[in-house]
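The numbering used here applies: residue 259 is where the sequence shown begins, and numbers increase by one. As C-alpha cells, the structure follows; a few thoughts come after it.
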Amino acid sequence: MHLAEPAPTSAEIDALIQLAARVPDHGKLGPWRFVVFEGDARVRAGEALAQVIANDAGVDESRLAHTRALLQRAPACVMVVSTAAPHAKIPEWEQQLSAGAACFSLLLAAHALGYGGCWLTEWPAYDARARAALGLAEHERIAGIVYLGTAKEAPTERVRADAASRISRF
Ligand SMILES: Cc1cc2nc3c(=O)[nH]c(=O)nc-3n(C[C@H](O)[C@H](O)[C@H](O)COP(=O)(O)O)c2cc1C
C-alpha cells in the first residue's frame with residue numbers, strides 16, 4: 259500500500275461516506291456504520307490493538323510495533339462496520355452484502371475525487387477482542403477498513419481471476 263498525504267479532508271471524508279452509503283439496501287435498514295480514523299486516532303487505535311495481543315504467546319516487539327503502526331499505513335482510514343442483525347424479513351446475508359457494497363462504493367468515490375484507497379480486513383476483523391477494542395458491539399463485524407490517501411505510485415497490475423471462465427448461461 260503506497261498511500262501518502264494528502265488524505266481527503268474531514269469534510270471530504272464525510273462527503274465520501276454520504277456517497278458510499280447510497281448502496282442497495284434491502285428493507286432500507288442501513289445495516290452499516292462508518293468509523294473514521296484520522297490523525298492521532300490512528301495511533302490510539304493501533305495502541306489499542308497492540309494491547310489486545312500484548313500477552314499472547316509468541317508476540318514479540320516487532321509484531322507489537324507492526325500492530326501499533328497498522329492504521330498509520332495511510333493518512334486516513336474508514337472502518338465500515340456491518341451492523342447486520344436477525345430481521346423478520348431481510349436475511350443477514352443481504353445486510354452484510356450491503357456493507358460490502360458500501361466498502362466498494364467508498365473506494366470508487368475516493369478514486370473519483372482523485373484519491374487512492376485500499377480495502378483490507380486483516381486479523382482485527384476476525385478477533386473478537388480487537389473488534390471490541392475498536393468499539394464494535396458483539397454482533398457487529400468489520401466489513402473492511404478502507405485506507406485512504408494519495409497514491410504515490412501506480413499500483414502494479416496483478417493476475418486477475420478470469421471472468422470469462424466464470425460465466426455460464428442458464
Ligand atoms: C473483504 C475484503 C477483505 C480484504 N482483505 C485483505 C487483507 O486483509 N489483506 C490483503 O492483502 N488484501 C485484502 N483484500 C484485497 C485488497 O482489497 C485488494 O484487492 C488487493 O490488495 C489487490 O489490489 P487490487 O484489487 O487493486 O489489484 C481484501 C479484499 C476484500 C474484498
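All C-beta atoms, glycine included, are put in the ideal place defined by N, C-alpha and C.
CB contact check: residue i to chain D, cutoff 8 angstroms
i    : result
T267 : Of the chains in the structure shown, none is chain D; there is only one protein chain.
Residue i and residue j closer than 8 angstroms at C-beta
i    : j    : result
A401 : W290 : yes
M259 : V293 : no
L277 : C335 : no
C361 : V404 : yes
R321 : E305 : no
P333 : A269 : no
Among the options, nearest to residue i - alpha-carbon criterion
i    : options                : result
H345 : Y373, P282, L287, Q330 : L287
G285 : I403, G358, G393, Q353 : Q353
A388 : I311, F295, V281, I425 : I311
Y373 : E380, T379, L364, W381 : L364
A265 : R331, A391, A386, W351 : R331
A386 : A279, L307, F295, T267 : L307
Coarse secondary structure for residue i, derived from DSSP in three states
i    : result
S356 : helix
I403 : strand
V310 : helix
T408 : strand
E296 : strand
C-alpha gap between residue i and residue j, whole angstroms
i    : j    : result
K410 : L371 : 15 angstroms
L408 : A303 : As written in the sequence, residue 408 is Thr, which differs from the Leu given in the question. If I take the Cα positions, the gap works out to 21 angstroms.
E396 : V417 : 37 angstroms
I348 : V281 : 15 angstroms
A383 : F428 : 36 angstroms
D318 : L355 : 36 angstroms
D283 : G316 : 42 angstroms
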